[in-house]
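Notes to accompany the following structure.
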Amino acid sequence: MKKHDVPVGEFKWLTLVSPEDEAGVEVLLEPAEHPAARPFQAALFADGIPLTSFAVDDVRSEYERLRALGVRFTQEPTEMGPVTTAVLDDTCGNLIQLSNYRG
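Numbering of the sequence shown is given in the numbering used here, commencing with residue 495 and proceeding in unit increments.
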């Protein structure tokens with residue numbers, strides 16, 4: 495859900511929050527207008543490197559919940575020692591990692 499939509503010259507300062515927790519995590523969407531932004535984004539995606547990572551309580555349950563909503567994952571939940579990760583395609587040219595540390 496859109497929280498802030500502030501015009502800043504040619505672009506906007508746009509943030510999103512979960513409709514279930516408007517005071518929770520706020521994601522800022524940045525324009526990709528810098529000359530290095532698009533090649534950087536494309537190189538990360540091509541190499542399978544997530545642009546960012548979000549910690550979640552349970553990667554497997556988030557994976558199942560998001561898949562049921564139609565989200566496409568490029569990596570199913572994978573255990574790597576005490577860490578479980580899954581990677582999704584945000585449909586905007588980025589890979590996003592979900593992770594959980596069991597320490």
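From the three backbone atoms N, C-alpha and C, an ideal C-beta is built for every residue, glycine too.
Predicted model, so just to flag it, every value in this text is computed and none were measured.
Is it true that the CB of residue j sits closer than 9 Å to the CB of residue i?
i: Thr572; j: Ser547; result: no
i: Asn594; j: Val565; result: no
So for residue i, helix, strand or coil by DSSP?
i: Pro529; result: coil
Among the residues of its own chain, which have a CB less than 8 Å from the CB of residue i, if the five just before and after it don't count?
i: Val521; result: Thr509, Leu510, Val511
i: Gln535; result: Ala526, Leu545, Gly587, Asn588
Only counting the same chain, and skipping five residues up and downstream in sequence, which positions put a Cβ closer than 7 Å to that of residue i?
i: Phe567; result: Tyr557, Arg561, Ala580, Val581, Leu582
**OP:** Pick out the complete alpha helix (DSSP H) segments inside the region 539-591, 4 residues or longer, and give them in chain order.
**Re:** 553-562, all fully within the region 539-591.
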